[in-house]
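Encoded structure:
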C-alpha cells in the first residue's frame, strides 16, 4: 500500500521499465513516507489506439511517453498528494526523460480494513502494520 | 477526469474501437457536462476466458460484445449517473450495435486533490480547472 | 457487484484459470452473501517484469503464483472483509495450490448509484436489486 497501476504505450524495454518503476517508487517513499518495501506496482502496456489522453482544455500536448498512473491508497493529505505529483514528475523527467506534460495521476482512497498483504489477514487491523 | 477504463473481449478492429470510444465520450459530455477535451479512456482487451460477467439474477444474457466500464470521477449526482447509464447504452446501441444488455458500469468517486493532469500539479486545486 | 480484478503472472492454462476464478467466487459468496450469479471477474496476465509485489516489511516471500486482487464493492463490514481474506486464501490454497503468502487484496467501496448491470439502469436504485 499504496497500489500503483501504470498504463503506458507499449514499447519500453525491460531496463527502461524498471527505471520508470524505481523512479515512481522513490516518489512514493519521499512523499508518502511509507516503508521501503511498501511497493506494489502493476504495469499495463497498450497500443496507441487503446489510450486516449486529452487535456481538459489545459493545452497540454501528450506524446508516446504518456504515463497514466492510478493510485489506490489509505487517506493521504492534500499536501502529500501535491508533493507526490511534483516529485513524481521530477523523478520521471530526470531518470526516464518523461516530460511533466506526459504524467497523469488519479488517486482513489480506501481504509485500513481494505488491505490484505498475505496470510489472509488485514494487517492494518491486526497490528502487524 | 473522469477516467474511463473499458474491459472488452478482444477482436474489434481499430475503427470499431474508435467508434466505441467516441460514443462513450459523447455520453460523458452530455451527462456529466465536462469540457470537450476532458477525455481520458483506456481500453483493455481480453480472451473470453478472462472475463466472467454474469447478471446477479437479473436474467440478462451477455454476448461477446460485453463492455465493462469503470469510471473514476469526482462526485456526480445520482441523476447524472442514471442519465449517463441510459445515454451510454443509447450511444453504444446506435453507433456500435452493442445491446444495452451488454453494458456494465461501475463508478468510483474521488475528490479535487486526487487528480493531476500534467506538470505535477493538482489542477482542481490550483485554480487552473 | 462486487467487481473483482485479478492481476497475475502469465502462464496459467485455461483450466487452472477457471479453477482460480471459481475458488475466488466461492469466497465472495460465503463472505459477502451475494446472489450466486453476482459474479463479475476480470483477469489480466502480465510478464514478471510488469508486477512488483513486495511486502511492506512483513517478511512475506512472493512467488510466480502471486495474485493481486482488486475488489470494487458496495460497503462491506470489517468482519465481512476479514472473513473474505481468510476464506479466499483457504480456497486458493486448497483448490489452486496458491500459498496465502501470494495473495494480496485491495478493496475500494462505492454505493448504490454507482452500478449499472445492463439496460442502462441503476438496478440498486430501481428496486430490481
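Chains as they are written, first to last, in the numbering used here: chain A, 1 to 129; chain B, 130 to 258; chain C, 259 to 387.
Ideal placement from N, C-alpha and C gives every residue a C-beta, glycine not left out.
Please read these numbers as outputs of a predicted model, since none were measured by experiment.
Review point. Within 7 Å (strictly less), CB to CB, does residue 50(A) reach chain B?
Key: Residue 50(A) sits at position 50 when you count from the first residue of the first chain. Taking CB atoms only, residue 50(A) has a neighbour in chain B less than 7 Å away.
Check your understanding: Taking just the CA atoms, how far does residue 54(A) sit from residue 104(A)?
Key -> Position 104 of the first chain, counted from the first residue, corresponds to residue 104(A). Position 54 of the first chain, counted from the first residue, corresponds to residue 54(A). Residue 104(A) and residue 54(A) have their C-alpha atoms spaced approximately 10 Å apart.
Review point. Got a sec: is the Cβ-Cβ distance from residue 313(C) to anything in chain A below 7 Å?
Key: Walking along the third chain from the start, residue 313(C) turns up at place 55. Taking Cβ atoms only, chain A reaches closer than 7 Å to residue 313(C), which makes this a yes.
Check your understanding: Is there contact between the stretch 347-355 of chain C and the stretch 296-307 of chain C, where contact requires at least three CB pairs shorter than 8 Å?
Key -> Contact between the stretch 347-355 of chain C and the stretch 296-307 of chain C is not established, with fewer than three Cβ pairs separated by less than 8 Å.
Exercise for review: List the whole-angstrom C-beta distance separating residue 118(A) from residue 336(C), where the pair is believed to meet the contact cut-off of C-beta under 8 Å.
Suggested key: Position 118 of the first chain, counted from the start, is the residue given in the question as residue 118(A). Position 78 of the third chain, counted from the start, is the residue given in the question as residue 336(C). Contact doesn't hold; Cβ gap of about 18 Å is too wide.
**Study point:** CA nearest to the CA of residue 134(A), picked from 71(A), 9(A), 11(A) and 121(A)
**Key:** The shown model of chain A, from 1 to 129, leaves out residue 134(A), and the question about it has no answer.
Check your understanding: In the stretch 357-379 of chain C, which residues sit with their C-beta less than 9 Å from some C-beta in chain A, listed in chain order?
Key -> Result list: 357, 358, 359, 360, 361, 362, 363, 364, 365, 366 and 367.
Point to revise | is_contact[residue 339(C), chain A] using C-beta, thresh 7 Å | key: On the third chain, residue 339(C) is found 81 positions in, with the first residue counted as 1. Taking 7 Å as the threshold, the shortest C-beta distance from residue 339(C) to chain A falls below it.
Review point. Excluding sequence positions up to five away, which residues of its chain have a Cβ less than 6 Å from the Cβ of residue 155(B)?
Key: Taking the first residue of the second chain as 1, we reach residue 155(B) at position 26. Cβ within range, chain order: 220.
Review point. In three-state terms, what does DSSP make of residue 175(B)?
Key: Within the second chain, the letter at position 46 stands for residue 175(B). If DSSP states are grouped into helix, strand and coil, residue 175(B) belongs with the strands.
Check your understanding: Can you check whether the CB of residue 241(B) is closer than 7 Å to the CB of residue 300(C)?
Key -> Looking up residue 300(C) in the third chain gives position 42. Looking up residue 241(B) in the second chain gives position 112. With contacts defined by Cβ atoms closer than 7 Å, residue 300(C) and residue 241(B) do not form a contacting pair.
Review point. According to DSSP, what are the bridge partners of residue 364(C)?
Key: Stepping through the third chain from its first residue, residue 364(C) is reached at position 106. Beta-bridge partners of residue 364(C) (DSSP): 115(A) and 328(C).
Check your understanding: Do you know whose CA, among 274(C), 291(C), 286(C) and 386(C), lies nearest residue 343(C)'s CA?
Key -> Here residue 343(C) is taken as the residue at index 85 of the third chain, counted from 1. Measuring from the Cα of residue 343(C), the nearest candidate turns out to be 286(C).
Practice item. Return no unless some Cβ of chain C is closer than 7 Å to the Cβ of residue 189(B). Key: Stepping through the second chain from its first residue, residue 189(B) is reached at position 60. Under the Cβ distance rule, residue 189(B) counts among the residues neighbouring chain C, one pair being separated by less than 7 Å.
Practice item. Measure from the C-beta of residue 21(A) to each C-beta in chain C and report whether the shortest distance is under 7 Å. Key: As a working note, residue 21(A) is residue 21 in the first chain. Residue contact check for residue 21(A) against chain C: a CB pair falls below 7 Å.
Check your understanding: Going along chain C in order, which residues have a C-beta closer than 9 Å to the C-beta of residue 42(A)?
Key -> Residue mapping note: residue 42(A) aligns to position 42 of the first chain, counting from 1. Ordered by position in chain C, the residues that pass the 9 Å Cβ test against residue 42(A) are 265, 302, 304, 308, 309, 310, 311 and 326.
Exercise for review: Determine whether the Cβ of residue 164(B) lies closer than 7 Å to any Cβ atom of chain A.
Suggested key: Residue numbering aside, residue 164(B) sits at position 35 when the second chain is read from its first letter. Interface residue, yes.
Check your understanding: residue 96(A) CB to nearest chain B CB: under 7 Å?
Key -> For the purposes of this step, residue 96(A) is taken as residue 96 along the first chain, with counting starting at 1. Chain B, which has no Cβ nearer than 7 Å to the Cβ of residue 96(A), makes this no.
Check your understanding: What's the gap between the Cα of residue 217(B) and the Cα of residue 49(A)?
Key -> Numbered from its first residue, the second chain carries residue 217(B) at position 88. Numbered from its first residue, the first chain carries residue 49(A) at position 49. Spanning the two alpha carbons is a distance of roughly 20 Å.
Review point. Applying a beta-carbon distance threshold of less than 7 Å, which residues of chain C neighbour residue 75(A)?
Key: For the purposes of this step, residue 75(A) is taken as the residue at position 75 of the first chain. Correct list: empty, because the minimum Cβ distance to chain C is about 13 Å.
**Study point:** Closer than 8 Å at the beta carbon, the chain C residues around residue 215(B)
**Key:** By one-based count along the second chain, residue 215(B) stands at place 86. Per Cβ cutoff of 8 Å: 378 and 379.
Review point. Residue 78(A) touches chain B at which residues, Cβ-Cβ below 8 Å?
Key: As a working mapping, residue 78(A) is identified with position 78 in the first chain. Chain order gives the chain B residues near residue 78(A) as 242, 251 and 254, where near means a beta carbon separation below 8 Å.
Point to revise | Spatially closest choice to residue 173(B) from 205(B), 196(B), 131(B) and 188(B), by CA coordinates | key: Residue 173(B) sits at position 44 when you count from the first residue of the second chain. A check of alpha carbon separations from residue 173(B) across 205(B), 196(B), 131(B) and 188(B) identifies 196(B) as the nearest.
Check your understanding: List, in order along the chain, the chain A residues whose C-beta lies closer than 8 Å to that of residue 257(B)?
Key -> Your numbering for residue 257(B) matches position 128 in the second chain. Here the neighbours are 58.
Exercise for review: May I ask you to report which of helix, strand or coil DSSP gives residue 192(B)?
Suggested key: In the second chain, the residue the question calls residue 192(B) occupies position 63. In the three-state reduction of the DSSP assignment, residue 192(B) falls in the coil class, being assigned neither a helical nor a strand state.
Point to revise | Exposed unless 16 or more other CB atoms sit within 10 angstroms - verdict on residue 188(B) | key: Walking along the second chain from the start, residue 188(B) turns up at place 59. Here residue 188(B) is exposed, its C-beta having fewer than 16 other C-beta atoms within 10 Å.
Practice item. Keeping to the same chain, check which residues put their C-beta closer than 7 Å to that of residue 61(A); ignore five residues upstream and five downstream. Key: Sequence index remark: in the first chain, residue 61(A) carries index 61 (1-based). Contacts found: 101.
Practice item. Taking the CB atoms as reference points, tell me whether residue 31(A) and residue 80(A) lie closer together than 7 Å. Key: One-based indexing of the first chain puts residue 31(A) at position 31. One-based indexing of the first chain puts residue 80(A) at position 80. Yes, Cβ-Cβ distance for residue 31(A) and residue 80(A) is below 7 Å.
Check your understanding: Rounded to the nearest angstrom, how far is the Cβ of residue 150(B) from that of residue 52(A), given a contact under 8 Å?
Key -> Locating residue 150(B) in the second chain gives position 21, counting from the first residue. Locating residue 52(A) in the first chain gives position 52, counting from the first residue. Contact between residue 150(B) and residue 52(A) holds, since their C-beta atoms are separated by about 6 Å, short of 8 Å.
**Study point:** Per-residue DSSP class, three states only, for residue 155(B)
**Key:** Within the second chain, numbered from 1, the residue matching residue 155(B) stands at position 26. DSSP places residue 155(B) in helix when its eight states are reduced to three.
**Study point:** Residue-level contact to chain C via CB, residue 29(A), 7 Å cutoff
**Key:** Here residue 29(A) refers to the residue found at position 29 when the first chain is read from its first residue. No - not a single Cβ of chain C is within 7 Å of the one on residue 29(A).
Check your understanding: If we ignore side chains and look at the alpha-carbon of each, how far apart do residue 5(A) and residue 65(A) end up?
Key -> One-based indexing of the first chain puts residue 5(A) at position 5. One-based indexing of the first chain puts residue 65(A) at position 65. Across the structure, residue 5(A) and residue 65(A) are spaced so that their CA atoms are roughly 16 Å apart.
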